[in-house]
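Colleague: Numbering (this note's numbering), first residue to last: 12 to 216.
Just so it is clear, CB atoms sit at the ideal spot from N, CA and C, and this is done for glycine as well.
Keep in mind that this is a model prediction, so the values were computed, not measured.
1) Quick one: using the 10 Å Cβ neighbour count with 16 as the cut-off for buried, is residue 174 buried or exposed?
2) So, are the CB atoms of residue 137 and residue 166 less than 8 angstroms apart?
3) How would you label residue 149, buried or exposed, when you count the other beta carbons within 10 angstroms and need 16 or more for buried?
4) Going by DSSP in three states, residue 80 sits in which element: helix, strand or coil?
5) Which class does residue 16 belong to by DSSP, given the choice of helix, strand or coil?
6) Mind pulling the alpha helix (DSSP H) runs of 4 or more residues that sit fully within the stretch 62 to 126?
7) In its own chain, which residues sit with a C-beta less than 6 angstroms from the C-beta of residue 203, not counting the 5 before and 5 after it?
8) Taking residue 116 and residue 76 to be in contact with their CB atoms under 8 angstroms, please state how far apart those CB atoms are, rounded to whole angstroms.
9) Helix, strand or coil for residue 207, going by three-state DSSP, please let me know.
10) Excluding the five sequence neighbours on either side, which residues of its own chain have a C-beta within less than 8 angstroms of the C-beta of residue 237, listed in chain order?
11) For residue 48 versus residue 172, is the C-beta spacing smaller than 8 angstroms?
12) Got a sec, what are the start and stop residues for the beta strand (DSSP E) residue 168 sits in?
13) Quick check: the Cα distance between residue 19 and residue 31, rounded to an integer number of angstroms?
14) At which residues does the beta strand (DSSP E) containing residue 185 begin and terminate?
15) Can you tell me which of the three DSSP states residue 39 falls into?
Next up, the structure:
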């Protein structure tokens with residue numbers, strides 16, 4: 012969802028760094044990059060271990076989420092990624108089954124889907140926060156294929172993060188890498204095919 016459907020990566024980054032500052036943490040860009048695509052709880056578990064913090068990762072998730080909600084509700088510039096609504100409608104009209112598989116918490120997924128009226132296009136939604144493992148583990152996409160009701164060879168994943176691409180690779184599902192200009196630090200080198208705009212998918216699918 013984040014970075015593919017909605018341009019919220021910057022909001023998440025602001026919320027993360029406000030939380031880091033409140034803890035007195037100096038998180039480098041290189042370290043932050045390794046967290047991209049992971050669930051929030053997984054990210055804070057890594058950071059607690061890395062910095063040997065005493066804080067409970069679950070408490071840090073709540074702190075970060077509160078900051079994100081504040082940005083989400085007060086940032087009028089928040090918008091869908093260019094071309095995504097059109098391609099969602101295109102897939103829907105071709106009777107393709109759409110499953111949302113996101114590392115975000117379900118409360119954030121619902122917030123986005125309600126704000127932009129997306130529920131009518133999707134058969135199901137999976138929150139990575141509710142799974143045993145986080146991207147780059149393939150569990151989220153394996154479950155998405157099951158929910159979709161199709162064998163994995165008949166599915167595709169669209170991802171903008173290297174962690175997400177690896178999760179799709181390990182799930183054995185063809186993955187389109189979306190070159191998100193707001194995530195230029197993601198190489199997408201292991202994607203099966205890379206696109207720069209969603210309109211390209213019309214000629215590919």
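Modeller: In short, the structure shows the following:
1) buried
2) no
3) buried
4) helix
5) coil
6) 68 to 85, 95 to 104, 117 to 126
7) 185, 186
8) 7 angstroms
9) coil
10) Residue 237 lies beyond the stretch modelled for the chain, which goes from 12 to 216, so this question has no answer here.
11) yes
12) 167 to 170
13) 18 angstroms
14) 185 to 189
15) coil
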